[in-house]
Structures are given as C-alpha cells and as structure tokens.
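Respectively, the protein sequence lines represent chains F and D.
If you want my numbering, it's the 1-based position in the first sequence plus 3.
If you want my numbering, it's the 1-based position in the second sequence plus 110.
Yeah, the Cβ is synthetic: ideal placement off N, Cα and C, and Gly gets one too.
Remember, predicted model here, so these are calculated numbers, not experimental data.
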Amino acid sequence: DAGVTQSPTHLIKTRGQHVTLRCSPISGHKSVSWYQQVLGQGPQFIFQYYEKEERGRGNFPDRFSARQFPNYSSELNVNALLLGDSALYLCASTDGSSGNTIYFGEGSWLTVV
Amino acid sequence: AQRVTQPEKLLSVFKGAPVELKCNYSYSGSPELFWYVQYSRQRLQLLLRHISRESIKGFTADLNKGETSFHLKKPFAQEEDSAMYYCALRSVSGSARQLTFGSGTQLTVLP
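Below is the structure:
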C-alpha cells in the first residue's frame, strides 16, 4: 500500500512565478493537510481539506491556495513567489476521524531564486 | 493560540545513556500530544501519542498537565535513535484539526 505521495520532489522557481504542488493521500483517506517547513523549523500548518471542502487555514497570505479533487488528491498553489517561500512543503493525510494518525509524505522541496 | 516549545535544538548522548527530549506546550483546551521522528532521508513519522500510553522503540512520554510538558524519554539510547524529533500538539479550530509543531531536537547518539 503506497503512502502519501507528493510531486515534484524538487523544483526551482524564480521570484514572482507561480507553483503547483501535488499530493495523493493514502487510499481511503479523505482528509489532506498541507504544511510548510522552513529550514531549521518545525512544520507549520497551511491548510486542511476534508471531502473537498476547506476545513482550516493557517496564518498564510492569500497567495497560498489549495483544492481537493473528487479522488481526494490535492494541489497547493502559491502565486507571486517570494524568496521566503523556499521551504519543504509537506502533505499529510488521515481518514478524517477524530484521533486518527496523520501520515506525511516525503515533501516537495521548493527553492525560489 | 497554541504553542509548542522544544528548548534544545541539539542533544548528544553516548550509547547506553538515558536520554530525555523536552517538550512544553501552551493550549487552552484539552491537549492531544504527539512525538514525530524523522530519520535521515526519511519522511516524518509518528513515534507515539499520549493517549495511547504506549512504548515505541523503548521511548515513552508522559503528559504532565500541571507542568504543561510532554517529555520524551528512553533509558538506554541506541545509535539508531539518532534522528530529528518533533513534539506536536493537535488542536481543533472550528472543523479543522491541525498539528502545531515545535522546532525540533536533533538527537545524536555517539558510539
């Protein structure tokens, strides 16, 4: 059984560009969350989606957006990239029940130059 | 707002020595606390959660609500325990469940 899969694994973008990161949750999991991990810090919550609806949003600007598709996969979009957006972006999935384990993907390394 | 503090960025111990990774939290509700571990070149994975009261790989953690702490302990460290450890608190905000992580402690177990 595949775990949470993310693509791409690494990418380099220029300031002002746009990026789309993709995530496929574990089969049967209906909830997907996104986290940003800047070097030297712990992951920081960006979004949670459950059954294609946004359930929560962290303290991130409107340049960050996401969506969840009918197959429960998800995309994270970041517009007008800044140097400070350089980070590891983690996707996590759970079946959505309270108390269930959250599983993380390996992440997408984004470098903005 | 919730907050998780891990005061030690780096911690080194010798093989066979006891190890304790500190974690303190602040949260107005009833906390649900976790320890996640990230071995070199691997994904973040759950080590243990306080509600399970289990021991994983010899590690234990007890929730102390009076001291708002959830320290991770192991009586005899092994070299394979070398990794990055994150303490995390799960909170409920509206219909969202999110994890708030500490900044992590890099544990190195020396031979």
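*Which residue from D:125, D:221, D:142 and D:212 puts its Cα closest to that of residue 184 (chain D)?*
D:125
*Secondary structure at residue 87 (chain F), three-state DSSP: helix, strand or coil?*
DSSP, reduced to helix, strand and coil, places residue 87 (chain F) within a helical segment of the structure shown.
_Proximal residues of chain D, C-beta to C-beta of residue 48 (chain F) below 9 Å_ = 206, 208, 209, 210 and 211
*If you measure beta-carbon to beta-carbon, which residues of the stretch 186-200 of chain D are closer than 7 Å to chain F?*
196
*Taking C-beta pairs closer than 7 Å, name the residues in chain F that residue 153 (chain D) reaches, listed in chain order.*
107, 108 and 109
*8 Å contact criterion, which residue 115 (chain F) and residue 84 (chain F) should meet: CB distance rounded*: 5 Å
*Using the Cα positions of residue 123 (chain D) and residue 149 (chain D), report the straight-line distance between them to the nearest angstrom.*
17 Å
_Just to confirm, is the Cβ distance from residue 135 (chain D) to residue 170 (chain D) under 7 Å?_
No.
_Start and end residues, beta strand (DSSP E) containing residue 115 (chain F)_ = 111-115
*Which residues of chain D have a Cβ atom closer than 7 Å to the Cβ of residue 104 (chain F), listed in chain order?*
156
*For the stretch 135-148 of chain D, which residues have a CB atom closer than 7 Å to at least one CB atom of chain F, in sequence order?*
none
*Between the stretch 13-39 of chain F and chain D, which residues of the former have a C-beta closer than 9 Å to a C-beta of the latter?*
When C-beta distances to chain D are compared with 9 Å, the residues of the stretch 13-39 of chain F below that value are 34, 36 and 38, in chain order.
*Can you find at least 3 beta carbon pairs, one from the stretch 45-62 of chain F and one from the stretch 24-32 of chain F, that sit closer than 8 Å?*
no
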